[in-house]
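Mapping the sequence shown onto this note's numbering, position 166 (from 1) lands on 298, and the numbers just tick up by one.
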Amino acid sequence: MLAENVKVLVTQASSGIGLGICQVLTKHGARVIGMGRNREALLKLKDDGNIEDFIVADLVCPVSLVENVSTCKHAVETAANMLGGLTVVVNAAGVIRAGAMGDVTVDNYDFHMNTNTRAAFEIMTHAIPHLKEAAAAAKSGERPCAPSIVNISSVDGKQSFPGCVSYCMSKAAVDMMTRCSSVDLAKFGIHVNAVNPGMVVTNIHKVSGGSSFFQTSNSEHANIFSEILLTLLSNIYPTC
């Protein structure tokens, strides 16, 4: 199997793109820990054999504390303990709420930046020590695959759209974070990439109160899941 025994943490695994990633990676042999808010959905994902285990956590407020530890740090350490290390981290957690410049509030800005950008930043920061260990093991030949971070960004980070200024800003920040991290972590043998999907019709858009763009865009489920899988596998197995 292409991803046999790869140890993966996927955020927002209980719905949308994150759920799809869990299904695809598990199918290819990965050991996946899913993180999300919906315990029932995560339990079903586990019962169906699409994840090894799960962590219930809310990244809408990533600075909240669990046992005096940040939510993100707690999740990463828990996943690493469950799997005996980490090879891949997929930051799929995201939120969107409509808001056009001129009407948008600072609360709307904080809502997007905290979840879409800060949470991904924190997850990466806490995961890096584990990924460095995986990189050293890969270099020594002890393990066959190089560690990887994949951030699920959006086409909105590259292209301006009406009625969602804070969301577009948060995803543009994710893109730059990914580029800078790729440069910084390359010397350790850690790959960092982003995937920028167009509209994928999931619950996040159905509850967003979105602009006409959200209402008229077409679904790209098959294409985006294929792109994400190929990105992940090209990082885990750089020669494939």
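Each residue gets a CB set at the ideal place from its N, CA and C atoms; glycine is no exception.
Cβ neighbour criterion (16 or more within 10 Å) applied to residue i
i: Lys-139; result: buried
i: Thr-394; result: Residue 394 lies beyond the range of the chain shown here (133 to 372); nothing can be said about it.
i: Gly-181; result: exposed
i: Thr-203; result: buried
i: Ser-285; result: buried
i: Ala-305; result: buried
i: Thr-237; result: exposed
i: Ser-302; result: buried
i: Met-308; result: exposed
i: Val-324; result: buried
i: Val-201; result: exposed
i: Val-156; result: buried
i: Glu-272; result: According to the sequence shown, residue 272 is Ser rather than Glu. Label assigned to Ser-272: exposed.
i: Val-315; result: exposed
Which listed residue (the options) has its alpha carbon closest to that of residue i
i: Ala-145; options: Val-188, Ser-286, Tyr-299 and Cys-296; result: Val-188
i: Asp-179; options: Ser-202, Cys-154, Asp-190 and Leu-191; result: Cys-154
i: Gly-226; options: Ile-149, Met-308, Ser-202 and Ala-135; result: Ile-149
i: Glu-209; options: Thr-257, Gln-291 and Gly-289; result: Thr-257
i: Ala-270; options: Ala-211, Gly-166, Arg-169 and Gly-217; result: Gly-217
i: Leu-141; options: Val-220, Asp-307 and Thr-247; result: Val-220
i: Ala-211; options: Leu-263, Ser-313 and His-244; result: Leu-263
i: His-244; options: Ser-280, Leu-157 and Cys-300; result: Cys-300
i: Val-192; options: Leu-175, Val-201, Leu-157 and Asn-246; result: Asn-246
i: Phe-320; options: Ser-292, Lys-159 and Ser-280; result: Ser-280
i: Phe-293; options: Met-233, Ser-313 and Ile-322; result: Met-233
i: Ala-265; options: Asp-185, Val-156 and Leu-317; result: The question names Ala, yet the displayed sequence has Glu at residue 265. For the residues Asp-185, Val-156 and Leu-317, the minimum Cα distance to Glu-265 belongs to Leu-317.
i: Glu-254; options: Asp-235, Leu-174 and Ala-207; result: Ala-207
i: Ile-322; options: Pro-261, Leu-177, Lys-176 and Gln-291; result: Pro-261
Helix, strand or coil at residue i [DSSP, three-state]
i: Lys-338; result: Because the pLDDT at Lys-338 is just 48, under 50, the model does not fix this residue reliably, and the value given afterwards should be weighed accordingly. Here Lys-338 sits in helix by DSSP.
i: Phe-293; result: coil
i: Arg-250; result: helix
i: Asp-235; result: coil
i: Asn-240; result: helix
i: Leu-191; result: coil
i: Asn-137; result: coil
i: Asn-328; result: coil
i: Val-128; result: The requested residue 128 does not occur in the structure, where the chain is confined to residues 133 to 372.
i: Val-287; result: helix
i: Val-227; result: coil
i: Ile-322; result: coil
i: Ser-147; result: coil
Whole-number beta carbon distance between residue j and residue i, since they are thought to touch under 8 Å
i: Val-282; j: Val-327; result: 6 Å
i: Leu-215; j: Arg-163; result: 6 Å
i: Gly-161; j: Glu-136; result: 4 Å
i: Ala-224; j: Thr-143; result: 5 Å
i: Ile-183; j: Gly-168; result: No, Ile-183 and Gly-168 are not in contact; Cβ-Cβ is about 10 Å, not under 8 Å.
i: Ala-267; j: Ala-278; result: 6 Å
i: Val-287; j: Gly-231; result: Rounded, the Cβ-Cβ distance is 18 Å, inconsistent with contact.
i: Asn-240; j: Arg-229; result: 6 Å
Minimum Cβ-Cβ distance from residue i to chain C less than 9 Å
i: Gly-295; result: Absent from the structure is chain C; it holds one protein chain and no more.
Completely contained alpha helix (DSSP H) runs for the region 149-183, where each covers 4 or more residues: 171-179
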